[in-house]
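> So in the UniProt record's numbering, spot 39 of the sequence shown is number 39, and the numbers just go up one at a time. Note that CB positions come from ideal geometry on N, CA and C, so glycine has one too.
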Amino acid sequence: MRVRTGAAVVAVIAVLGGCSADRDRASPTTTTEAPPAAADAQTGDADLLRSYVDAVNRGDLDTADEMRCTPVRAEDEQTLESIASQARRLVEERGPTVVVSIEPVDTGFYPPMEGGDPAAYAMTIANDDSDEGRLLVHVVTEDGGRRLCGSNPEAAERLHGEARPALGDLGPTSVGPRDLMPDVQLADHEVVYDERGTPPDGATDSWGRSWQHHEHGGCSTGAYRFGEGGAPAWAAELLADYLPDAIDSFELPGRDGVVGVRVLALGWLSVQPPGSGPYVDELVALRGDTVLWAGCGAMEPGSGHEQTIRLMDAMLDNADG
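1. If you follow the alpha helix (DSSP H) that Thr63 is in, where does it begin and where does it stop?
2. Measure the alpha-carbon distance for His213 versus Leu136 and round it to whole angstroms.
3. I'd like the list of long-range same chain contacts for Arg134, defined as Cβ closer than 6 Å, with 5 residues on each side in sequence excluded.
4. Quick check on Ser276: buried or exposed, where buried means 16 or more other Cβ atoms within 10 Å of its Cβ?
5. Quick check: what's the CA-CA separation for Thr79 versus Pro165?
6. Excluding five sequence neighbours on each side, which residues of the same chain lie with their C-beta closer than 6 Å to the C-beta of Asp129?
7. Inspect the CB distances between the stretch 242-260 and the stretch 202-213 and report whether three or more fall short of 8 Å.
8. My parser needs the beta strand (DSSP E) runs of 3 or more residues fully inside the stretch 116-200; what are they?
9. Taking the Cβ atom as the reference point for each residue, do Thr221 and Ala294 lie within a distance shorter than 8 Å?
10. Under a Cβ-count criterion, where at least 16 other Cβ atoms within 10 Å of its own Cβ denotes burial, should Thr29 be classed as buried or exposed?
11. In chain order, what residues of the same chain lie with their CB nearer than 6 Å to the CB of Val105, ignoring the 5 residues before and after it?
12. What is the DSSP secondary structure of Glu282, counted as helix, strand or coil?
13. Which same chain residues, not among the five before or five after Val100, have their C-beta less than 7 Å away from its C-beta?
14. Pull up the CB-CB distance for Thr308 and Gly260, whole angstroms please, since I reckon it's below 8 Å.
15. Leaving out the 5 sequence neighbours to the left and right, which residues in its chain are closer than 6 Å to Asp248 when beta-carbon positions are compared?
16. What distance in whole Å lies between the Cβ atoms of Leu90 and Gln272, which are believed to be in contact at a cut-off of 8 Å?
17. In this structure, how does DSSP classify Gln272 when only helix, strand and coil are distinguished?
18. Along the chain, where does the beta strand (DSSP E) that runs through Leu292 open and close?
19. Per DSSP, what kind of secondary structure is Asn318 in: helix, strand or coil?
20. Using a 10 Å radius around the Cβ and a threshold of 16 neighbouring Cβ atoms, would you call Ala64 buried or exposed?
21. On the criterion of 16 or more Cβ atoms from any shown chain inside 10 Å, does Pro177 qualify as buried, or is it exposed?
22. Taking all protein chains shown into account, decide if Pro35 is buried (16 or more other Cβ within 10 angstroms of its Cβ) or exposed.
23. Exposed or buried, what is Ser270 when buried is set at 16 or more other beta-carbons lying within 10 Å of its beta-carbon?
24. Where does Ser303 fall in DSSP's three states?
25. Please classify Gly202: does DSSP put it in a helix, a strand, or coil?
26. The beta strand (DSSP E) that contains Glu103, what's its start and end?
27. Quick one: is Asp24 buried, meaning 16 or more other Cβ sit within 10 Å of its Cβ, or exposed?
28. With Asp313 and Leu252 assumed to form a contact (beta carbons below 8 Å), what rounded beta-carbon distance in angstroms separates them?
29. From the DSSP output, in three-state form, read off residue 322 for me.
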């Protein structure tokens, strides 16, 4: 999950349940088309994807990262080590990822990619924790070789078309970001962060608060105030950051215009079956010139969204003054 940090800290990566490191990728688009790969290229791409999954399964993230295109590689050694730790935990707790099949698909749903000869594949995968599920995996040519260049759960294309139009402005608020933070007690959690941080580009003020669970996972909230006209665009961009890994959406009861999505916590790795946790729940709301965000991690299949909803409800109540 990409955390828009002005108000959040690096520790939020752990707080949100092992979510993938701050991935700097753009929202997918439906405007880029690519021809089906030739048979020989398809075989080579399938070999690449199987080798990549094998490298992640055995914990060799240096090799796996070299198989990725430049825009989706780890930014530095610290980030790569964090990702490697998450990959090891995924395999230890849920078993290695098994590639069941790889089939070329003709889809217009591509992330913006650098490199030539883009191709998309439906990679069916499973682990000990889940039935088979499909990821749409993207491959390009870079520096003379084929590279994995991102992936999306199969549901992401549908959710991309549904969630963004559903985001609406709930009306202005005169309450500042710090006073919007929810004053709630989360069972078995403690507050580990409560600061202004550095506002994101275009914002004039921000505040964030994070709760760490005593075993794993946790929750975070953020509020970001912008100058004239900046908030709607940033809210849409924030939501777009989450949609590439989305497997489902949910609503905030009684509050039209607030959008919630459940995303793969380790989607960046391109080896997490959609039916296997952990997941992260994200809620995004817009109040005039202020963007509100709440997220909770370490969610499992079949779990509800109550904790994230409770935090966002409290912030929206605070926004009413």
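So, from the listed chains and residues:
1. 61-66
2. 33 Å
3. Ala122, Thr124, Glu154
4. buried
5. 33 Å
6. Arg94, Ser276
7. no
8. 116-127, 130-142, 145-153, 189-195
9. yes
10. Any answer about Thr29 is weak, because its pLDDT of 45 lies below 50 and its placement is not dependable; what the coordinates show is given next. It counts as exposed.
11. Ala120, Ala122
12. strand
13. Thr124, Ile125, Ala126, Glu132
14. 7 Å
15. Arg262
16. 7 Å
17. coil
18. 290-299
19. helix
20. buried
21. buried
22. Because Pro35 carries a pLDDT of 47, less than 50, the predicted location of this residue cannot be relied on, and the following value inherits that uncertainty. So Pro35 ends up on the exposed side.
23. buried
24. coil
25. coil
26. 98-105
27. Any reading at Asp24 needs caution, since the residue's pLDDT is 38, under 50, leaving its predicted position unreliable; the model's value is listed next. By the 10 Å Cβ count, Asp24 comes out exposed.
28. 7 Å
29. Only positions 1 to 321 of the chain appear in the structure, and residue 322 is not among them; the question remains open.
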